[in-house]
Amino acid sequence: MEMLSQLWSLLGLLTVLQNVLPSQLLSLLHSLYQSLQDMLCPYSYFDVPEFNGYCGVHLNDLYRHVNLYLNSLVNVNVNVAANPSSSSFNARLTLSRSNSSNRISFTVAPNHSVSDSFGGHILSWTHHVDTVQDSLDEKRSFVLKLPKRHRHALLNPYLHHLTTRAEEFERVSRERRLFTNNGHGSYDSGWVSVPFRHPSTFDTLALEPQLKSQLTGDLKAFANGKDFYHRVGRAWKRGYFLYGPPGSGKSSLIAAMANYLCYDVYDLELTKVSDNSELRALLIQTTNRSIVVIEDIDCSLDLTANRQQLRLSMNTKSTRSKARVRSRQQKQEDEDCDEQNAGRVTLSGLLNFTDGLWSCCGEERIIIFTTNHRDNVDPALLRCGRMDVHVNLGNCGPHAFRAMAKNYLGLDSHPLFEAVDRCVRSGGALTPAQVGEILLRNRGDADVAMKDVLLAMQARINLDGGGGGGQDQLAELYSSCDDQTVMMRATSSPESVLVGVGGGSPENWVSSSPPGSGRKKKAAEGDQGQRMKMKFLVRLRSLTKSDSGRRGVCLTCPHS
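Under mature numbering (1 follows the signal peptide of the UniProt record, and there is no 0), residues -22 to -1, 1 to 538 are what the sequence shown spells out, in order.
Shown next as structure tokens:
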């Protein structure tokens, strides 16, 4: 009782002193107490508030990085919960998930601490949340505690490590978005978006191994090239030009690139852009770590025809007229053309969009053009600095077909793989879309799927060869394929393997099977080759109708 009475007396004395002593003296005494406590404590404390400044208007970027860093630590320890080292996470955690995301976020609960280690020292973070007096707002901050003796050696390296780890975690864990322009690029937001959840990856793409290795290596070097681009004085961006026949996998490759780098995708529809100013405004509104895509660049706007018409008209006028100056009528036509170009996107505006001064308004950005017909694209769009890498996506080669068979049918090997390879070398290669449709339709029976692919490839060889009765043979072949019809078009023969073009020109990467010599051989062999083909077709048709043919019968495709 005596001790309690003395304690109450001391509290009463402190209350009296607080009311009697001036506030300045009380603040001084409090500061002296804090200084004495800091002097005797073996740890140093650093506050990281949520907002900068006295008014608390600007968000503290370091606070966001700390939150991401601690989130990454919690995720790592949750994934290795069986590891005894995760025992340091005994603090309470807060779980959250947004409406548009399937990922669960882990954060440190208010007024709880999380331990960390760096450089052989133990550090800790405490999440402070205080309620502002006479307000519903909350004041949040993180407090870092580290050994006082080593604070100068630890603080800067640790914060650099924290920032790097936080940015990497944000890149791989944030929800990616697919944007498209809404026709109002001059306003604050000219883009609308949806979650980007395309399943395409480089593991599922039907690409030859060499091209796949080149692409992933180039993308990795670009993503890790921040210091290099800054050192050489170039904008941190890269251009890819994808061309090939319809169904060759251009859109799937773009999705695989976005998933590989964890970038957002901006699908730019040029027909919705009114003029060059709106095009620049849309570029400014894109974020870092993004891919800007213009698909079918030759069909979006007629950018090449105007230059060709102007060149032809100037040549015609020069031959018909010997005047030293242009006539008033010609000047009026030029003025009308300028007024017309002022109200739409021009080639000059698109060139400035890709590599002009406005193209460096962001970092870590990839620009991709696609087309089905490379010759229709203006050469000015394809030079180095704009489109750095040219990728020719053609028909399925042997390795690409095996990758598709693995993905669709789960086949690592099959007796008909060798026959497919021979048909590909003979000029019967199909596009990935055509092969994928056949495999998808027959995914329940791998043998039937392989035979249907062989039928389609042989029909392709016959159509390309131009032999008599090719159309009738095609109709007869597909009448025996379970009454299902496939629409096919005769496209160009498979092209060469990957070739790098030097001499200052963009890298030119080609994906398809080795060059076939089917047409030349067909012309030389004549009727004998046609009879061998007919025997092969009859054999394939009988095997398709026969149940016994589904149990590993090996077929060979004769050289044509």
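Yeah, the Cβ is synthetic: ideal placement off N, Cα and C, and Gly gets one too.
Worksheet item: Are there 16 or more other CB atoms within 10 angstroms of the CB of A502, so buried, or fewer, so exposed?
Response: In the sequence shown, counting from the first residue as 1, residue 502 sits at position 524. Confidence in A502 is poor, its pLDDT being 44 and thus under 50, which makes the residue's placement too unreliable to answer from.
Worksheet item: Considering only the beta carbon of each residue, do S178 and R81 sit closer than 8 Å?
Response: Position 200 of the sequence shown holds residue 178. Position 103 of the sequence shown holds residue 81. No, the pair does not count as a contact, with Cβ atoms beyond the cut-off.
Worksheet item: When we look at the beta-carbon of N(-4) and count the other beta-carbons within 10 Å, is it buried (16 or more) or exposed?
Response: As a first step, residue -4 must be located in the sequence shown, where it is residue number 19. So N(-4) ends up on the exposed side.
Practice prompt. Give the range of the beta strand (DSSP E) segment to which K215 is assigned.
Written response: Looking up residue 215 in the sequence shown gives position 237. Run containing K215: K215 to Y221, per the beta strand (DSSP E) assignment.
Practice prompt. Go ahead and label E145 buried or exposed: buried means 16 or more other beta carbons lie within 10 angstroms of its beta carbon, across all protein chains shown.
Written response: Stepping through the sequence shown from its first residue, residue 145 is reached at position 167. Label assigned to E145: exposed.
Fill in: D276, enclosing alpha helix (DSSP H) - first and last residue
What you label residue 276 is simply residue 298 of the sequence shown in a count that begins at 1. In the DSSP assignment, D276 falls within the alpha helix (DSSP H) that extends over I275 to S278.
Item to complete: Provide the residue(s) that pair with L359 in DSSP beta bridges, ordered along the chain.
Response: Working through the sequence shown from its first residue, we reach residue 359 at position 381. Beta-bridge pairing links L359 to no other residue.
Discussion item. Let me check one thing: in DSSP terms, what residues is I100 bridge-paired to?
Written reply: Locating residue 100 in the sequence shown gives position 122, where the first residue counts as 1. According to DSSP, I100 bridges with S95.
Discussion item. Here's the rule: buried if 16 or more other CB atoms are within 10 angstroms of the residue's CB, otherwise exposed. What is residue 576?
Written reply: Lying outside -22 to 538, the shown extent of the chain, residue 576 is not represented and no answer is given.
Worksheet item: Ends of the beta strand (DSSP E) at K126?
Response: Within the sequence shown, numbered from 1, the residue matching residue 126 stands at position 148. Premise fails: K126 is in no beta strand (DSSP E) and is neither H nor E.
Worksheet item: To the nearest whole angstrom, what separates the beta carbons of V26 and S119, a pair I think is in contact under 8 Å?
Response: As a working mapping, residue 26 is identified with position 48 in the sequence shown. As a working mapping, residue 119 is identified with position 141 in the sequence shown. The Cβ separation is near 6 Å, so the contact holds.
Worksheet item: In or out: L(-10) buried (at least 16 other Cβ within 10 Å) or exposed?
Response: On the sequence shown, position 13 is the one that residue -10 refers to. Burial call: exposed.
Discussion item. Beta-carbon within less than 8 Å of residue 572's beta-carbon, same chain only, minus the 5 sequence neighbours each way: which residues are those?
Written reply: Only positions -22 to 538 of the chain appear in this structure, which leaves residue 572 out of reach.
Worksheet item: Who are Y23's beta bridge partners in DSSP?
Response: Counting from 1 along the sequence shown, the entry for residue 23 is found at position 45. Bridge partners of Y23: K123.
Practice prompt. Put Y244 into one of helix, strand or coil per three-state DSSP.
Written response: On the sequence shown, position 266 is the one that residue 244 refers to. Reduced to three states, the DSSP call for Y244 is strand.
Worksheet item: Around the Cβ of E256, are there at least 16 other Cβ atoms within 10 angstroms (buried) or fewer (exposed)?
Response: On the sequence shown, position 278 is the one that residue 256 refers to. Residue environment for E256: buried (at least 16 other C-beta atoms within 10 angstroms of its C-beta).
Worksheet item: From P20, L417, C19 and I344, pick the residue whose C-alpha is nearest to that of G388; which is it?
Response: For the purposes of this step, residue 388 is taken as the residue at position 410 of the sequence shown. The option with the nearest alpha carbon to G388 is L417.
Worksheet entry | Close-in-space but distant-in-sequence residues of the same chain around R129 (CB under 6 Å, 5 per side omitted) | Taking the sequence shown and counting its residues from 1, one reaches residue 129 at position 151. Same-chain partners within the cutoff: S22.
Practice prompt. Would you identify the three-state DSSP class for F157, choosing helix, strand or coil?
Written response: On the sequence shown, residue 157 is found 179 positions in, with the first residue counted as 1. F157 falls in the strand class under three-state DSSP.
Discussion item. Are the CB atoms of M365 and G414 within a distance shorter than 8 Å?
Written reply: If you number the sequence shown from 1, residue 414 lands on position 436. If you number the sequence shown from 1, residue 365 lands on position 387. In this structure, M365 does not lie closer than 8 Å to G414 by Cβ.
Discussion item. Is it buried or exposed, N254, if we count other Cβ atoms within 10 angstroms and call 16 or more buried?
Written reply: Taking the first residue of the sequence shown as 1, we reach residue 254 at position 276. Burial call: buried.
Worksheet item: Where does T332 fall in DSSP's three states?
Response: Taking the sequence shown and counting its residues from 1, one reaches residue 332 at position 354. Helix, per DSSP.
Item to complete: Rounded to whole angstroms, what's the CA-CA distance from Q192 to F96? Just pull it up for me.
Response: Here residue 192 is taken as the residue at index 214 of the sequence shown, counted from 1. Here residue 96 is taken as the residue at index 118 of the sequence shown, counted from 1. If I take the Cα positions, the gap works out to 37 Å.
Worksheet item: Can you find at least 3 beta carbon pairs, one from the segment 240 to 250 and one from the segment 435 to 442, that sit closer than 8 Å?
Response: By the Cβ test, the segment 240 to 250 is not in contact with the segment 435 to 442, since fewer than three Cβ pairs between them sit closer than 8 Å.
Worksheet item: Does the segment 328 to 344 touch the segment 212 to 219, meaning 3 or more C-beta pairs lie closer than 8 Å?
Response: yes
Fill in: Delimiting residues of the alpha helix (DSSP H) encompassing T194
Position 216 of the sequence shown holds residue 194. Secondary structure note for T194: its alpha helix (DSSP H) is the uninterrupted segment P187 to A201.
Worksheet item: Should L441 be counted as a contact of the ligand ADP given a C-beta to heavy atom distance under 7 Å?
Response: With respect to the ligand ADP, the structure shown offers nothing to examine, as it has no ligands at all.
Discussion item. Considering only the alpha carbon of each residue, which of V44, K204, V398 and W487 lies closest to C374?
Written reply: For the purposes of this step, residue 374 is taken as residue 396 along the sequence shown, with counting starting at 1. Out of V44, K204, V398 and W487, V398 has the C-alpha closest to the C-alpha of C374.
Discussion item. Per the DSSP calculation, T72 is bridged to which residue(s)?
Written reply: The residue you call residue 72 lines up with position 94 of the sequence shown. Answer is T85.
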